[in-house]
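Residue numbers (UniProt numbering): 1 to 293.
Here's the structure we're looking at; comments come further down.
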Amino acid sequence: MFSYEHLLAFCTTYEASSYSAAAKKLGKDRTTIRDQVKAVEDLYGVTLFEIIGKKATPTQAADHIYQRSKVVLNNTEKLSTSLENIYMDEMLTLNIYHDISLPLNLAVKIEHALQEKCPELRVHWLHRNREDAFNNIESESNSIALMEHKNIQRFSKNIEFFSLGYGKLGMYAGKRSKLPHLNALSIEDLKLDKQYVSENHFNTLPELYFISPQYHLVSNNDLLLELVKHDGWAIMSTDLAKPLVQRGELVALQVKQVANHFNFGLTLYYPVSMGNKEPLPTIKKITQAHFAP
Numbered sequence: 001m002f003s004y005e006h007l008l009a010f011c012t013t014y015e016a017s018s019y020s021a022a023a024k025k026l027g028k029d030r031t032t033i034r035d036q037v038k039a040v041e042d043l044y045g046v047t048l049f050e051i052i053g054k055k056a057t058p059t060q061a062a063d064h065i066y067q068r069s070k071v072v073l074n075n076t077e078k079l080s081t082s083l084e085n086i087y088m089d090e091m092l093t094l095n096i097y098h099d100i101s102l103p104l105n106l107a108v109k110i111e112h113a114l115q116e117k118c119p120e121l122r123v124h125w126l127h128r129n130r131e132d133a134f135n136n137i138e139s140e141s142n143s144i145a146l147m148e149h150k151n152i153q154r155f156s157k158n159i160e161f162f163s164l165g166y167g168k169l170g171m172y173a174g175k176r177s178k179l180p181h182l183n184a185l186s187i188e189d190l191k192l193d194k195q196y197v198s199e200n201h202f203n204t205l206p207e208l209y210f211i212s213p214q215y216h217l218v219s220n221n222d223l224l225l226e227l228v229k230h231d232g233w234a235i236m237s238t239d240l241a242k243p244l245v246q247r248g249e250l251v252a253l254q255v256k257q258v259a260n261h262f263n264f265g266l267t268l269y270y271p272v273s274m275g276n277k278e279p280l281p282t283i284k285k286i287t288q289a290h291f292a293p
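In structure tokens, the structure reads:
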């Protein structure tokens, strides 16, 4: 029966068209690689390579088994990694709880970075309110939260937090709204119109997000965007609004009493037991780069 080493020697020689090049790539001598390939040839009575000049030219038999051999090699390596992770008590599943403040393009960057850094890690993106997220972090050693910063932090001593950076917020209304066309648009004008407020925003910093007494709470980003396209106005991240502004469906409001854009902080919350083990360093690095000036 062939072994992993036999298949590795065969596939590397096939790809390099040379026993010497394969040996160099694998850090072995040429004789060892040739003997491992020959063991397969002798076992099954086939010729896998013909030496033409200085090249090891694959035969029809080699062409026939190469792809299947690569599949077996890849699956064996993945199995080995999984077993090593279990033995080393590595995290196999990560729950990332988040709220409306998490930029979607940042979530994609984190997903891709974790896939490259920790290929065996299963990542679950779960939208939760602040209280539920903190309760889960306390009870689950493999859970973190990416949520808007709150000046007064109240949670268990078993939870640590790390400020990741600051994103931009703006005020937006639909293209049919009268608000963008008012001369010297003011806070008083906003108070007279319907305001859609993200439930996450309202529960985190009501003093920042609550302006109009005619407010309607919305817990879903997609629904909030759809509603504000038709009437009213809303405060949201510039990243979230950008595609709709570019399509002409939303208009940024210029209010004379406030800056056109203001900031929100994104914070990483994680269990103390996680320390600074992966995937935390990767998430911190990607997020801080995202918010860098």
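The beta carbon of each residue, even a glycine, is placed where N, CA and C say it ideally should be.
query                                                                                                       : result
Helix, strand or coil at THR12 [DSSP, three-state]                                                          : helix
Sufficient close CB pairs (3 or more, under 8 angstroms) joining the segment 157–169 to the segment 250–259 : no
8 angstroms CB neighbourhood of HIS112 in its chain, flanking five on each side removed                     : none
Which listed residue (VAL40, LYS38, GLU199 and ASP193) has its alpha carbon closest to that of PRO213       : ASP193
Contact the segment 90–100 vs the segment 120–131: 3+ CB pairs below 8 angstroms                            : yes
DSSP three-state assignment for HIS149, whether helix, strand or coil                                       : coil
Bridge-paired residues (DSSP) for PRO119                                                                    : Partner(s): none; PRO119 has no beta bridge.
DSSP beta-bridge partners of GLU55                                                                          : Correcting the residue identity first, residue 55 is Lys in this sequence and not Glu. Per DSSP, ILE52.
Cβ separation of residue 295 and LEU164, assumed to be a contact under 8 angstroms, to the nearest whole Å  : Within the shown structure, residues of the chain are numbered from 1 to 293, placing residue 295 beyond reach of any answer.
7 angstroms Cβ shell around LEU106 - same chain, five flanking residues per side excluded                   : THR287 and HIS290
Residue environment, VAL53, which counts as buried when at least 16 other CB atoms sit within 10 Å          : Correcting the residue type first, residue 53 is Gly in the shown sequence and not Val. Result: exposed.
Proximity below 8 angstroms, CB of VAL37 to CB of ALA61                                                     : no
Cβ-Cβ distance between LEU79 and PHE162 below 8 angstroms                                                   : no
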